[in-house]
Amino acid sequence: MDDEVHHPYPVHAALDYGVAATLLTAPHLLGTSTRAKVFFEAFGALATTVNALTRTPLAVRPVLSLRAHRTADLLADPLYLALPLVTGIAKEPRARALWLATAAMLAASVALTDWDAPEPV
């Protein structure tokens, strides 16, 4: 019998890094407004920081629990969905496409994560 505990979060961590990299680079490649760039860069930096600090196999400095990461997701994701509507970023076609695509990636990341799996020690 295999007693090894398999970590359920590498897919979530990999998706988070992918989303973060997209948020930090795509607005410049797409030529979005300064307002959109600031929005995407702020969330890209937040995603990079939280992911790099969360206890996963892909962490840079694993100090945050998975519960703390989940809390950050639950707080940040609704803001990510709402702010482009409030600030007008969603009216920019390229920014809107980026926002919707990355929102779908964030939703997939959360949906694919087994949040009830035991956390590695």
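My numbering puts the sequence shown at residues 929 to 1049. Where is the CB? At the ideal position from N, CA and C, for every residue including glycine.
Taking a C-beta distance under 8 Å as the contact criterion, Thr976 and Ala948 qualify as a contact pair. Nearest in C-alpha terms to Arg1024, of all of Leu943, Phe967 and Ala941, is Phe967.
The residue among Asp1042, Ala964, Val978 and Val991 with its C-alpha nearest the C-alpha of Thr1015 is Ala964. Taking C-beta separations shorter than 7 Å and ignoring five residues to either side along the sequence, the partners of Leu1040 in its chain run Val939 and His940, following chain order. In the structure shown, Leu992 adopts extended strand secondary structure according to DSSP, grouped into three states. Arg1022 is a Cβ neighbour of Leu958, given a cutoff of 8 Å. It is roughly 7 Å from the alpha-carbon of Leu994 to the alpha-carbon of Glu1047. Within the same chain, Ala1031 come within 7 Å of Leu1009 by CB-CB distance, once the 5 residues on both sides are set aside. According to the DSSP assignment, Arg963 belongs to the alpha helix (DSSP H) that extends over Thr962 to Leu981.
Across the set Leu1007, Leu986 and Pro1012, the C-alpha of Pro1012 shows the shortest separation from the C-alpha of Thr960.
In the structure shown, Ala1023 falls within a helical segment according to DSSP collapsed to helix, strand and coil.
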